[in-house]
C-alpha cells in the first residue's frame, strides 16, 4: 500500500512540475517599438498576440511619420525587390510566420536580403515577449 501511495504522490508531483514548466507567457497583445525613426524615416514595431500561453499572431512592420506602413509602400517595394530579392511585405510575413511556428525568437532565421530588418524584428520581438512573461501590456520602447 505504501508503494502505491508513493507512486501516486510521485505522479502528482511530476504532473504539478510539468504544469509549472508550461508557458510562462500571459495572454494578451504585446508591443515593442523603436524610440525613434531610422535614417530612412521608418520606425519598426512588433506586436505579438499570446493566447493560451502560445504565440498565435505577430505583426511586424515599420511606419513613417505619416503612419504609412512600410509593407504598403509600393515605391519602397519597387526599389528594394530588384536589389535584395525581397521586400517588406514578404520578409515581414516570413518573420511573423517563423515566430508563430517556432515559438522562440532565437529559432527565427534571418531572411536573406533583409538582414537589418530581421535583426530589428528579433530585438523587438524579444522585448515584446519579455512583457508577455510579465503581463505588461504597455509598449516596450527600445533605443536604437
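Residue numbers (the working numbering): 1251 to 1394.
Built from N, CA and C at the ideal position, the CB exists for glycine as well.
3-residue-minimum beta strand (DSSP E) runs that sit fully inside the stretch 1287 to 1336, ordered along the chain:
1293 to 1301 and 1304 to 1313
Residue range of the alpha helix (DSSP H) that includes residue 1344
1338 to 1352
Mind reading off the beta-carbon distance from residue 1300 to residue 1382? Whole number of angstroms is fine, and I expect it under 8 angstroms.
5 angstroms
Please name the residue in 1336, 1352 and 1294 whose C-alpha comes closest to that of residue 1361.
1336
What are the boundary residues of the beta strand (DSSP E) that residue 1376 is part of?
Segment 1365 to 1384 is the alpha helix (DSSP H) holding residue 1376; no beta strand (DSSP E) there.
Who are the near neighbours of residue 1368 in its chain, counting only those whose CB is closer than 6 angstroms to its CB and skipping five residues on each side?
1360 and 1361
Where does residue 1355 sit, in a helix, a strand or coil, going by DSSP?
helix
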